[in-house]
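Student: For the sequence shown, position 135 matches number 1127 in our numbering, and the numbering has no gaps at all. Yeah, the Cβ is synthetic: ideal placement off N, Cα and C, and Gly gets one too. Here the structure is a predicted model, which means the values were calculated and not measured.
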Amino acid sequence: MQTAQDLDLEQTRAYVKSVAMKYVRNEQDADDVAQDAMLLAHRYRDSFRGESRFSTWLYRVTATAALMFLRRQRRLSREVSASTATDEDGTPWLERQPAATDTRAEVMARSELDDVRQAVAELGAKYPAVFWKRYGEGRTETEIARELGISVAAVKTRAFRGRQAALRAVAR
């Protein structure tokens, strides 16, 4: 026999999942987001001040959980190092030469990547390592600073200058 509290919890779960579906549009991901949102709502239930309806507060908690999930997914997909990505034949894609069957867009993308490499290298020897670790591998500033033995501020500066050079190279 279900209690009123069980019914409320089921309705709340259904509501949270429907909100999550608006953001992730995938049933399994929505389940993950809904679970995270329910945990967050439970953890921060004392922060609900009653100035708005509970459903409004829960919507914001769920939306925040969904956005954090999407951000995490984006970061995970970028963590594949550009230097280790390979084609079907095992050739690193950064070293691959354009084939006759390559589309114009693929050739242009590789050309832009070469321009970025050159622009970052022209900044000086200390910039490329930071730039590629930060933007190519998706590493954090703290990880890079620790690995290279420099300050986090230096990493931020070098990454920023490398990024600016890359943007200028692509804009040309």
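Drop a sphere of 10 angstroms on the beta-carbon of residue 1014, count the other beta-carbons inside from all chains shown, and report buried for 16 or more, exposed for fewer.
Tutor: Classification for residue 1014: exposed.
Student: Suppose you measure from the CA of residue 1023 to the CA of residue 1043; what does that come to, to the nearest Å?
Tutor: Each residue's alpha carbon lies about 28 Å from the other.
Student: On the three-state DSSP scale, how would you describe residue 1132?
Tutor: Here residue 1132 sits in coil by DSSP.
Student: Could you pull the start and end residues of the alpha helix (DSSP H) that residue 1019 belongs to?
Tutor: Element bounds for residue 1019: 1019 to 1035.
Student: According to DSSP, is residue 1047 helix, strand or coil?
Tutor: Residue state, collapsed to three classes: helix.
Student: I believe residue 1029 touches residue 1053 by the beta-carbon criterion, under 8 Å. Please report the beta-carbon distance rounded to the nearest angstrom.
Tutor: The pair is a contact, with the Cβ atoms about 6 Å apart (cut-off 8 Å).
Student: Please classify residue 1116 as buried or exposed, where buried requires at least 16 neighbouring CB atoms within 10 angstroms.
Tutor: By the neighbour-count rule (16 or more Cβ atoms within 10 Å), residue 1116 is not buried but exposed.
Student: So residue 1107 and residue 1161 are supposed to be a Cβ contact under 8 Å. How far apart are they, rounded?
Tutor: Confirmed, about 4 Å.
Student: With distances taken Cα to Cα, identify the nearest neighbour of residue 1114 among 1154, 1040 and 1009.
Tutor: Of the listed residues, the one whose Cα sits closest to residue 1114 is 1154.
Student: Between which residues of its own chain and residue 1147 is the CB-CB distance below 6 Å, once the five residues before and five after are set aside?
Tutor: So the list reads 1122, 1133, 1136 and 1137, once near-sequence residues are dropped.
Student: Taking the C-alpha atoms as reference points, what is the distance between residue 1064 and residue 1000?
Tutor: One C-alpha to the other measures close to 30 Å.
Student: Shortest alpha-carbon distance to residue 1005 belongs to which of 1149, 1067 and 1031?
Tutor: It is 1031 whose Cα lies nearest to the Cα of residue 1005.
Student: How far does the alpha helix (DSSP H) with residue 1118 in it extend, from its first residue to its last?
Tutor: Residues 1118 to 1123.
Student: Which of helix, strand or coil does DSSP assign to residue 1013?
Tutor: Note: residue 1013 maps to helix in three-state DSSP.
Student: Just tell me which of 1149, 1119, 1057 and 1130 has its CA closest to the CA of residue 1008.
Tutor: Among 1149, 1119, 1057 and 1130, the Cα nearest to that of residue 1008 belongs to 1057.
Student: Taking Cβ to Cβ, would you say residue 1021 is nearer than 9 Å to residue 1046?
Tutor: No.
Student: Using a 10 Å radius around the Cβ and a threshold of 16 neighbouring Cβ atoms, would you call residue 1050 buried or exposed?
Tutor: Buried, by the Cβ-count rule.
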